[in-house]
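Peer 1: I'd like to ask some things about the structure below.
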Ligand code: HEM
Ligand SMILES: *[C@@H]1O[C@H](CO)[C@@H](O)[C@H](O)[C@H]1NC(C)=O
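Numbering (the numbering used here), first residue to last: 7 to 327.
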């Protein structure tokens, strides 16, 4: 190897190899960053507790496409599309809170805190407010330079456990246990009837089994016909405590009260039902595992060092591209 190549490696490769996420990344460059996020999330949560679900789903959809790089936040512009236009992302909410936090953080420390980190920190704070675990989020993510609707491949609700695992989670380095843990996020939030009607007995489906009382209730809420997306009714994913981050999701699944096909499959499939039973019986172990799995999810293919950029406005790349 020529000496100039070795120097090149030292100049360009090493900083990336060593640059990594760490807890307290903004400790000196923007000491108020985490406090600003926490206060804004708390204000929003008091008005609208659904923000926890909004942020969890946003963080998941950000990290599973291109890595946690804030690409989910980009608005389409003119003929240039963005991830928000993908069908699975059209119902996402919570972007106004991210904008509010970004504006406050820019005022305190211009061009310092990434939008990708704001999503991760805000999600962490919203989970804790809803009763979930408290955990430290390593920061130092940079914002991505690409957001493309055709790259959005997020698991659909009617997959089997093994399809979801093999195609979406194992390829990103997650264990089956971690997939079952992350799906525990469905302890908060809603789904639309369009994702559920096919499971109801009025549509002829009985597999996996659904508690008859829940079947009747969802049949009443959802009606018999597909409706335009705009007024498709919503159903809570956790049929008991949908605003609380607890282990009730797993307990409901054990009672055949899982709402999405994938939710109920977790309780039926031989590979996952033991994990579901364990979390249903032990809330603390679920919360501990959930915090660990979220830190792992939040580290997926992150941009660090000099990669990407720190956006000024989370909805647009800095330089027109
Ligand atoms: C196999 C994996 C997964 C599948 C198939 C799946 C599927 C879905 C579907 C179909 C919805 C309803 C969307 C709608 O009706 O608008 C939903 C909602 C939700 N998902 Fe997942 N999901 C998965 C994993 C995850 C993960 C890993 C997280 C976060 C860690 C997550 C968090 C949420 C939350 C919080 C909601 C409620 C959103 C709201 O109320 O605004 N999901 N999911
Ligand atoms: C609802 O959740 C509470 C608290 O976890 C539990 O005590 C109760 O048995 C649950 N009820 C149903 C109908 O699942």
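Every residue, glycine too, gets a C-beta built ideally from N, C-alpha and C.
Spatial neighbours of residue 324 within its chain, please: C-beta separation below 7 Å, excluding the five flanking residues on both sides.
Peer 2: Within the same chain, residue 324 has close Cβ partners 315, 317, 318.
Peer 1: Could you tell me which uninterrupted beta strand (DSSP E) segments, each at least 3 residues in length, are contained entirely in the stretch 238-292, listed from first to last along the chain?
Peer 2: Entirely contained in the stretch 238-292, the beta strand (DSSP E) runs reaching 3 residues are, in chain order, 240-242.
Peer 1: Check whether the Cβ atoms of residue 63 and residue 155 sit closer than 7 Å, and answer yes or no.
Peer 2: For residue 63 and residue 155, no; Cβs fall outside 7 Å.
Peer 1: Could you tell me whether the Cβ atoms of residue 227 and residue 163 are closer together than 7 Å?
Peer 2: Against a cut-off of 7 Å, the Cβ pair of residue 163 and residue 227 comes out as no contact.
Peer 1: Checking 7 Å against the spacing of the C-beta atoms, do residue 103 and residue 320 come in under that value?
Peer 2: No. Outside cutoff.
Peer 1: Could you please give the first and the last residue of the uninterrupted alpha helix (DSSP H) stretch that includes residue 193?
Peer 2: Residue 193 -> no alpha helix (DSSP H), and no H or E assigned at all.
Peer 1: Between the Cα of residue 99 and those of 75, 119, 125, spot the shortest distance and give me the residue it belongs to.
Peer 2: Closest by alpha carbon: 125.
Peer 1: Using the Cα positions of residue 73 and residue 254, report the straight-line distance between them to the nearest angstrom.
Peer 2: Distance between the alpha carbons of residue 73 and residue 254 is about 29 Å.
Peer 1: When the Cα of residue 308 is compared with those of 71, 49, 215, which residue comes out closest?
Peer 2: Closest option to residue 308, Cα to Cα, is 71.
Peer 1: Using a Cβ-based criterion (distance less than 6 Å to any ligand heavy atom), does residue 97 qualify as near ligand 1?
Peer 2: Residue 97 Cβ: within cutoff of ligand 1.
Peer 1: Is it the case that the CB of residue 163 approaches a heavy atom of ligand 1 more closely than 6 Å?
Peer 2: Indeed, a heavy atom of ligand 1 lies less than 6 Å from the Cβ.
Peer 1: Give the range of the alpha helix (DSSP H) segment to which residue 183 is assigned.
Peer 2: 182-189 is the span of the alpha helix (DSSP H), which, as asked, contains residue 183.
Peer 1: Per DSSP, residue 315 is paired with what?
Peer 2: Per DSSP, 149.
Peer 1: If you count every other CB in all the chains shown that lies within 10 Å of the CB of residue 204, and 16 or more means buried, which is it?
Peer 2: Looking at its Cβ environment, which holds fewer than 16 other Cβ atoms inside 10 Å, residue 204 is exposed.
Peer 1: Let me confirm a value: residue 186 is counted as buried when at least 16 other C-beta atoms fall within 10 Å, else exposed. Which label applies?
Peer 2: Label assigned to residue 186: buried.
Peer 1: Mind listing which residues have their beta carbon within less than 7 Å of any non-hydrogen atom of ligand 2? Chain order is fine.
Peer 2: My final list is 246, 247, 252, 254, 257, 258, 261.
Peer 1: How about residue 63: is its Cβ closer than 6 Å to a heavy atom in ligand 1?
Peer 2: Under cutoff, so the answer is yes.
Peer 1: Quick one: any contact between the stretch 51-69 and the stretch 113-129, if contact means 3 or more CB pairs under 8 Å?
Peer 2: Taking 8 Å as the limit for Cβ pairs, the verdict is that the stretch 113-129 does touch the stretch 51-69.
Peer 1: Around the C-beta of residue 58, are 16 or more other C-beta atoms found within 10 angstroms, so that it is buried, or is it exposed?
Peer 2: Buried.
Peer 1: Starting from the Cα of residue 174, find the closest Cα among 303, 94, 161 and give me that residue.
Peer 2: Of the candidates 303, 94, 161, the one whose C-alpha sits nearest the C-alpha of residue 174 is 161.
Peer 1: Can you give me the Cβ contacts of residue 118 inside the same chain, cut-off strictly under 8 Å, excluding the 5 residues immediately before and after it?
Peer 2: Closer than 8 Å at the Cβ level, and outside the excluded window around residue 118, lie 32, 35, 36, 39, 111, 316.
Peer 1: Give the range of the alpha helix (DSSP H) segment to which residue 133 is assigned.
Peer 2: Run containing residue 133: 121-135, per the alpha helix (DSSP H) assignment.
Peer 1: Report yes if the CB atom of residue 346 is closer than 7 Å to the CB atom of residue 69, and no otherwise.
Peer 2: Because residue 346 is not part of the residues shown, which for the chain are 7 to 327, the question remains open.
Peer 1: Going along the chain, which residues of its own chain have a beta-carbon closer than 7 Å to the beta-carbon of residue 192, five neighbours each way excluded?
Peer 2: The answer, listed in chain order, is 243, 244, 255, 269.
Peer 1: Apply the 10 Å Cβ neighbour rule to residue 229 and answer buried if 16 or more other Cβ atoms are within range, or exposed otherwise.
Peer 2: Exposed.
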